[in-house]
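Okay, so here's the structure we're looking at.
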Amino acid sequence: MKFNAKFAAALSALALAASAAAAEQVKVGMITTLSGGGAGLGIDVRDGFLLALKQAGASDVEMIIEDDQRKPDVAVQLSDKMIQSDKVDIMTGIIWSNLAMAVAPGAVKQGKFYLSPNAGPSALAGKGCDKNYFNVAWQNDNLHEAAGAYANSAGYEKSFILAPNYPAGKDALTGYKRFFEGDYAGEVYTKLGQTDYAAEIAQIRASGADSVFFFLPGGMGIAFMKQYAQSGVDIPLIGPAFSFDQGILQAVGDAALGVKNTSQWSKDIDNETNKAFVASFQEEYGRLPSLYASQGFDTANLMLSALKVAQPSDADAFRAALETADFASTRGDFKFGPNHHPIQDIYVREVIKEGDVFTNKIVGVALEDHGDAYAAECKM
Amino acid sequence: MSLILLIEQVLNGLQLGVMLFLMAAGLTLVFGVMGLINLAHGSLYMVGAFACAAVAAATGSFWLGLAASLAAAAGAGALVEITVIRRLYRRDHLDQVLATFALILIFSESVRWLFGSFPLYLDTPPLLAGAVTLPGGIEYPLYRLAIIVAGLVVATGLFLLIGRTRLGVRIRAGESDREMIAALGVDIDRLYTAVFALGAALAGFAGAMVGAIQSVQVGMGEPVLILAFVVIVIGGVGSIKGALIGAILVGVTDTLGRFLLPIAFGAVMEPSAATAIGASLASMLIYILMALVLVFRPTGLFGAGA
Numbered sequence: 001m002k003f004n005a006k007f008a009a010a011l012s013a014l015a016l017a018a019s020a021a022a023a024e025q026v027k028v029g030m031i032t033t034l035s036g037g038g039a040g041l042g043i044d045v046r047d048g049f050l051l052a053l054k055q056a057g058a059s060d061v062e063m064i065i066e067d068d069q070r071k072p073d074v075a076v077q078l079s080d081k082m083i084q085s086d087k088v089d090i091m092t093g094i095i096w097s098n099l100a101m102a103v104a105p106g107a108v109k110q111g112k113f114y115l116s117p118n119a120g121p122s123a124l125a126g127k128g129c130d131k132n133y134f135n136v137a138w139q140n141d142n143l144h145e146a147a148g149a150y151a152n153s154a155g156y157e158k159s160f161i162l163a164p165n166y167p168a169g170k171d172a173l174t175g176y177k178r179f180f181e182g183d184y185a186g187e188v189y190t191k192l193g194q195t196d197y198a199a200e201i202a203q204i205r206a207s208g209a210d211s212v213f214f215f216l217p218g219g220m221g222i223a224f225m226k227q228y229a230q231s232g233v234d235i236p237l238i239g240p241a242f243s244f245d246q247g248i249l250q251a252v253g254d255a256a257l258g259v260k261n262t263s264q265w266s267k268d269i270d271n272e273t274n275k276a277f278v279a280s281f282q283e284e285y286g287r288l289p290s291l292y293a294s295q296g297f298d299t300a301n302l303m304l305s306a307l308k309v310a311q312p313s314d315a316d317a318f319r320a321a322l323e324t325a326d327f328a329s330t331r332g333d334f335k336f337g338p339n340h341h342p343i344q345d346i347y348v349r350e351v352i353k354e355g356d357v358f359t360n361k362i363v364g365v366a367l368e369d370h371g372d373a374y375a376a377e378c379k380m
Numbered sequence: 381m382s383l384i385l386l387i388e389q390v391l392n393g394l395q396l397g398v399m400l401f402l403m404a405a406g407l408t409l410v411f412g413v414m415g416l417i418n419l420a421h422g423s424l425y426m427v428g429a430f431a432c433a434a435v436a437a438a439t440g441s442f443w444l445g446l447a448a449s450l451a452a453a454a455g456a457g458a459l460v461e462i463t464v465i466r467r468l469y470r471r472d473h474l475d476q477v478l479a480t481f482a483l484i485l486i487f488s489e490s491v492r493w494l495f496g497s498f499p500l501y502l503d504t505p506p507l508l509a510g511a512v513t514l515p516g517g518i519e520y521p522l523y524r525l526a527i528i529v530a531g532l533v534v535a536t537g538l539f540l541l542i543g544r545t546r547l548g549v550r551i552r553a554g555e556s557d558r559e560m561i562a563a564l565g566v567d568i569d570r571l572y573t574a575v576f577a578l579g580a581a582l583a584g585f586a587g588a589m590v591g592a593i594q595s596v597q598v599g600m601g602e603p604v605l606i607l608a609f610v611v612i613v614i615g616g617v618g619s620i621k622g623a624l625i626g627a628i629l630v631g632v633t634d635t636l637g638r639f640l641l642p643i644a645f646g647a648v649m650e651p652s653a654a655t656a657i658g659a660s661l662a663s664m665l666i667y668i669l670m671a672l673v674l675v676f677r678p679t680g681l682f683g684a685g686a
């Protein structure tokens, strides 16, 4: 008994010492889009991230959250401020690839860690990779590649493909073409921000395609889907999850029903972490989580898992801890490839209606343990 | 490329043009009569779309939503005129641009605060859903036909209002000499508020009609506003007729350009490059058109002094 009491005292002293070490404050700078047209995505990433911190009771993590307004110059100013005057240790949050290209390379050059919860431009996956840059979402091409793989397995032979005329749009069509083995009935680049697709839909009708692959993020996708549904054209649509995400499905409405889309996450992925995440997110914020919310949540949990092992001040140990990705992801299997980008399953989902709510259901796996096409070019 | 496809594309261009006319008419009225550049015109378009979506969601009726959008946009327009715009008539255009740009930010963030960051749902009324088959075997969405008809009806109404009514006489008179019509006993303040509210209602109407086929979200007005400015520059500032002709010209040019240019380039180069170059050139086409018009008619097609 006496011995036990002594032992307990020693143990608790040890625990105290350990918790004192762990209580070293970590500053996280989150730059994301919280105002304007693209705010829904940034808000979901932020909310998912904060939910994970709250559930972990992470009082040693200090968050600095700023709004980039989707403008690269604003994002650069914010990152300068965070690095120089706030002295953050880790940065995260950016949604758009052009903003990520403006901020992430500079941040890692100054010795900070950057954990991307969304943007995954090819430049940062290949030759421009960095030992302190981690992407927790996907490399930009991934979901489009999966759409191409799905189109093969669905037996499509002639696709009409469509994307906005800007870098991510071209990457999307490149990604689809990398995997799709059939022919093309047409290839169209639209204006970025275009809202009227009558001309393109008329071409699709006349093209003789047996499938349509499109990448039109945000409001562009809503406009396209609604107009497509009204046009009376009934060629099946395929797209990446971005146009079918929880945040915009309600705005598309019936027009999206039955459409197949590819995603690394879905609210019905069957694992304990994901079930708990969906339930707790809904309870906390009163809405269903989106793809972006799951990415924010996973990013925070990855960071917390590494912080248990090491502090960012010990960069090599912290990096090694991040690389092991020893956390329970909402997506189930998740690990990093050699270029710090995910290797994960990408699913095919179908848009369904549950009661009054439009949402997605997994109907298959498009690609298993899928990495990206740029990893070989990465020399860290 | 078949003839049917070409005719369908011309109809698409006409529909886009008619929608642009609704935006440009209000803008050109306000610019022509009051000499005011109103960058916040796109925000009134957004207000119309949000009012329609919110009321349609609450009542289940698109038509009530449409009525609400007219009321909300006209109300917002009148309120803005009385509180802000009225102070700007005598200032130079730079002050007007600054103040109305601030209004865009205020409107956008207020709407976001009220309705949240996620786009709203607004569907076409069941009465106008689906596609119809036109003579010649052209399949065309009924709702787009309805937009063309509604736009042409509004255009006719506007011509009658400006050309045939007492209010129209006053509006035209205010355009040429505001001091004189004030001296003749017309309440110029109230006239201007009415013109501004009318322009706002037209923008709100356009927003509601288009909201059902596009996305109802914060910032939806700005891209349309740029096109509307192109329209009034082409048509001539202050001219309703110019706005109509300019809008249809822009709508048809843009639609046919997007459709035909990649095909044209495809004849001389490999398809992938042709689509990319064709698409880039197509998005410049209406600005090239604007530049050409300005070379030959510096005040626009129907501008004063042309």
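Which chain is which? The protein sequence lines are H and X, in order.
Once you know that position 355 of the first sequence is 355 in our numbering, the rest is easy, because the numbers rise by one and skip nothing.
Once you know that position 75 of the second sequence is 455 in our numbering, the rest is easy, because the numbers rise by one and skip nothing.
Beta carbons: idealized from backbone N, C-alpha and C, even for Gly.
For secondary structure counted as the beta strand (DSSP E) over 3 or more consecutive residues, the region 102–149 of chain H holds these complete runs in sequence order: 113–116 and 133–135. Following the DSSP letters along the chain, one finds VAL427/X in no beta strand (DSSP E) but inside the alpha helix (DSSP H) bounded by residues 421–439. In its chain, beyond the 5 residues on either side, GLN389, VAL390 and GLY393 have a beta carbon closer than 8 Å to the beta carbon of LEU636/X.
Under the DSSP assignment, GLY601/X falls outside any beta strand (DSSP E), being part of the alpha helix (DSSP H) whose first and last residues are 601–615. Contact annotation for TYR189/H against chain X: THR655, ALA656 and ALA659 [CB-CB distance below 7 Å, chain order]. Of the residues assessed, GLY364/H falls on the exposed side of the cut-off, its CB having fewer than 16 other CB atoms within 10 angstroms. Note on geometry: alpha-carbon atoms of VAL590/X and GLY253/H lie some 16 Å from one another. Collapsing the DSSP output to three states places ASN271/H in coil.
Of GLN295/H, TYR228/H and PHE297/H, the smallest CA-CA separation from ARG524/X is found for TYR228/H.
Secondary structure of ASP86/H (DSSP, three-state): coil. For TYR425/X, the closest Cβ of chain H is not nearer than 9 Å. Taken in chain order, the complete alpha helix (DSSP H) segments of 4 or more residues contained in the region 188–246 of chain H are 198–207 and 219–231.
Exposed is the label assigned to LYS308/H, since fewer than 16 other Cβ atoms lie within 10 Å of its Cβ. In terms of CA proximity to VAL613/X, ARG677/X leads the group ARG677/X, LEU571/X, ALA586/X and ARG552/X. The DSSP-derived three-state label of MET399/X is helix. Residues of chain H with a Cβ closer than 8 Å to the Cβ of THR633/X do not exist; the shortest Cβ-Cβ separation is about 12 Å.
DSSP, reduced to helix, strand and coil, places SER290/H outside both helices and strands of the structure shown, so it counts as coil. GLY422/X is not a Cβ neighbour of ALA434/X, given a cutoff of 9 Å. PHE297/H is classed as buried because its beta carbon has at least 16 other beta carbons within 10 Å across all chains shown.
Going by DSSP, VAL45/H is part of the alpha helix (DSSP H) stretching over 39–56. Annotation for MET649/X: no beta strand (DSSP E) segment contains it, and DSSP assigns it neither H nor E.
The C-beta of ASN392/X comes closer than 9 Å to at least one C-beta of chain H.
Three or more beta-carbon pairs separated by less than 8 Å link the region 232–252 of chain H to the region 345–362 of chain H, which places the two stretches in contact. Contact of GLY48/H with chain X by beta-carbon distance below 8 Å is absent, the smallest such distance being about 15 Å. Residue nearest to ALA306/H within the set ALA325/H, LEU291/H and ASP183/H is ALA325/H (criterion: CA-CA distance). Under the Cβ criterion of 9 Å, PRO678/X is not counted among the residues facing chain H. Per DSSP, the beta bridge partners of THR262/H are PRO240/H and VAL348/H. Between MET220/H and LEU162/H, the alpha-carbon positions lie close to 12 Å from each other. ASP183/H is bridged by DSSP to LYS158/H.
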